[in-house]
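Reading through the structure tokens given below for one structure.
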Amino acid sequence: MIKYHPKEEMLLQHAQGQLHLGLANAVSAHCELCAACRNKLKKLTEQLALDNLVDDEPLVESKITELDFNDMMAQIMELPATALPSHSTTRQLVQVNGYQYQLPRALVQQANKSWSGFGKISRMRLDADEGSARASLLHIDANGEIPEHTHAGREITLLIAGTFEDEFSQYVPGDFIELDGQHKHSPKTANGCLCYTVVDAPQHFTKGISKLLNSIGELIY
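Quick note: to get the working numbering, add 41 to the position in the sequence shown (first position is 1).
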């Protein structure tokens, strides 16, 4: 069962189109996996659209009722799948190190790069960077672990497939985890996992030989 979700403020910002592409993709992909947040986002979007309609025609408010709007939204939601853009059904599978995963539709268009990495950790940088924010697919093979680290900025992780755990919890597909400099953790997985991550600053490794990576953090995050 999904335990971790975007904050209400982030869902509202997404409905208003205020998130940069990397974060918008994270929220959209989470909502594909989480019925509760999908319903919340639908209601927020409907309310914003209704508010805009009322603001645009303040003198003819009687022409539009909430029931009318709900009927209109219901008709839109019932459009056949063929009305969706063709890219929504293509490139939904990614393969890495012998694993194969189906991606949420929100990430399909960006997942067109090659994988890089070392050991049991692989990363695919996506075309969703903005400013200092970096978006990636991150894969950890079975029995893999990311060395203990903290965060100079914010780190958003959406677990797409598999499971992992850290010092705070155990995570399942759909979990939307937000961490910052107040958190220090070492994610590990028994059976392998695929995540979508958005970070706006390098990780800071805190133990052992991995601390050597801090000197080139700006180059690898």
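The beta carbon of each residue, even a glycine, is placed where N, CA and C say it ideally should be.
Original post:
Excluding five sequence neighbours on each side, which residues of the same chain lie with their C-beta closer than 8 Å to the C-beta of Arg-79?
Top reply: Cys-72 and Glu-73
**OP:** Give the DSSP-derived three-state secondary structure of Ala-124 in the structure shown.
**Re:** Its pLDDT being 35, under 50, Ala-124 is placed unreliably in this model, and the value from its coordinates should be taken loosely. DSSP places Ala-124 in helix when its eight states are reduced to three.
Original post:
Should Glu-302 be labelled buried (16 or more other beta-carbon atoms within 10 Å of its own) or exposed?
Top reply: This structure gives no information on residue 302, because the portion of the chain shown stretches from 42 to 262.
**OP:** Determine the contact status of Leu-144 and Gln-133, defining contact as a CB-CB distance below 7 Å.
**Re:** yes
Original post:
With a cut-off of 7 Å, does the C-beta of Ala-174 fall near any C-beta of chain C?
Top reply: Given the protein chain composition of this structure (a single chain), no chain C is represented.
**OP:** Tell me whether Glu-50 is buried or exposed, calling it buried when 16 or more other Cβ atoms sit within 10 Å of its Cβ.
**Re:** exposed
**OP:** Give me the Cα-Cα distance between Ala-183 and Gly-139, rounded to the nearest whole angstrom.
**Re:** 11 Å
**OP:** Check the DSSP bridge columns for Gly-160 and list the partner residues they point to.
**Re:** None; Gly-160 has no bridge partner.
Subject >> C-beta contact flag for Leu-179 and Arg-166 at 7 Å >> reply: Their beta carbons are not under 7 Å apart, which means Leu-179 does not touch Arg-166 by this criterion.
Original post:
Which of helix, strand or coil does DSSP assign to Val-135?
Top reply: strand
**OP:** Say yes only if the C-beta of Thr-86 is nearer than 6 Å to one or more non-hydrogen atoms of the ligand COA, and no if none qualify.
**Re:** Within the structure as shown, the ligand COA is missing, as the structure has no ligands at all.
**OP:** Please go through the region 206-242 and give each complete beta strand (DSSP E) segment of 3 or more residues, from N-terminal end onward.
**Re:** 217-220 and 234-240
**OP:** List the endpoints of the continuous beta strand (DSSP E) containing Ala-70.
**Re:** First-last for Ala-70: 62-74, but that is the alpha helix (DSSP H), not the beta strand (DSSP E).
Original post:
Roughly how many angstroms separate the alpha carbons of Thr-238 and Glu-206, rounded to a whole number?
Top reply: 16 Å
Original post:
What residues in its chain sit with their C-beta under 7 Å from that of Gln-54, if we drop five residues either side in the sequence?
Top reply: Cβ neighbours of Gln-54 beyond the five flanking positions: Leu-60.
**OP:** In the DSSP assignment, find the unbroken alpha helix (DSSP H) run with Gln-143 in it and report its ends.
**Re:** Counting along the chain, Gln-143 falls outside any alpha helix (DSSP H), though it belongs to the beta strand (DSSP E) covering 140-143.
**OP:** Reducing DSSP to helix, strand and coil, say where Glu-189 ends up.
**Re:** coil
Subject >> DSSP state of Ala-202 mapped onto helix, strand, coil >> reply: strand
Original post:
If Gly-63 and Ala-169 are in contact, beta carbons under 8 Å, what's the gap, nearest whole angstrom?
Top reply: Yes, Gly-63 and Ala-169 are in contact; Cβ-Cβ is about 4 Å, under 8 Å.
Original post:
Beta carbon of Tyr-142, beta carbon of Leu-235: below 7 Å?
Top reply: yes
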